[in-house]
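Student: Encoded as structure tokens, here's the structure I'll be asking about.
Numbering (the working numbering), first residue to last: 4 to 161.
Spelled out as structure tokens, the structure:
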């Protein structure tokens, strides 16, 4: 994650993201997330090499706006070598399949407003912005703190 996350986000942090990586990927936090029943965490491998991570949580609704019967795509980070390969779409489809299997009605995620490529990707696969807020991390440069909650409603009968 030190390489994958920093390749995409180092420019938004005053410390290149070191604080965030230490907070989110320290052993204590990782153990806590792995032990939550609603959390599902995966290493993504391609040809025996780690290409990134994928994590989803369900049932889970954001604090900021109600999204009932929902699965959150919590983390999807891929090494830049795999951008544009279709791998992210496959992973998002996997999340959608899990939601359908568990009779959930919605998927949601949070996306940084400054990540135009990610926003276009999510919109292309059916997600819409339903709420925006300012991320309360002081180490994020002020011009990059806007974050969007994006939602996709599943079609019934699929």
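The beta-carbon is built from N, C-alpha and C at its ideal position, and this holds for glycine as well.
1) As a quick exercise: from 65, 47 and 59, pick the residue whose alpha carbon is nearest that of residue 152.
2) Using 8 Å as the threshold, is the C-beta distance between residue 9 and residue 20 below it?
3) Please return the same chain residues whose Cβ sits closer than 7 Å to the Cβ of residue 37, not counting the five positions on each side in sequence.
4) Out of curiosity, what's the CA-to-CA distance linking residue 53 and residue 134?
5) At a threshold of 7 Å, does residue 30 count as lining the ligand GDP (C-beta to nearest heavy atom)?
6) Given residue 28, which residues of its chain have a CB within under 6 Å of its CB, disregarding the five upstream and five downstream residues?
7) Reducing DSSP to helix, strand and coil, say where residue 109 ends up.
8) Hey, would you say residue 85 sits closer than 8 Å to residue 49, going by beta carbons?
9) Express the C-alpha separation of residue 137 and residue 144 in angstroms, rounding to a whole number.
10) How big is the Cα-Cα spacing for residue 122 and residue 31?
11) Using CA coordinates, which residue listed in 157, 147, 99 and 95 is at the minimum distance from residue 14?
12) Going by Cα to Cα distance, which pick from 72, 109, 141 and 92 is closest to residue 127?
Tutor: Result, derived from the coordinates:
1) 65
2) yes
3) 44
4) 33 Å
5) Absence of the ligand GDP from the depicted structure is noted, as is the absence of any ligand whatsoever, leaving it without description.
6) 4
7) strand
8) yes
9) 11 Å
10) 31 Å
11) 147
12) 92
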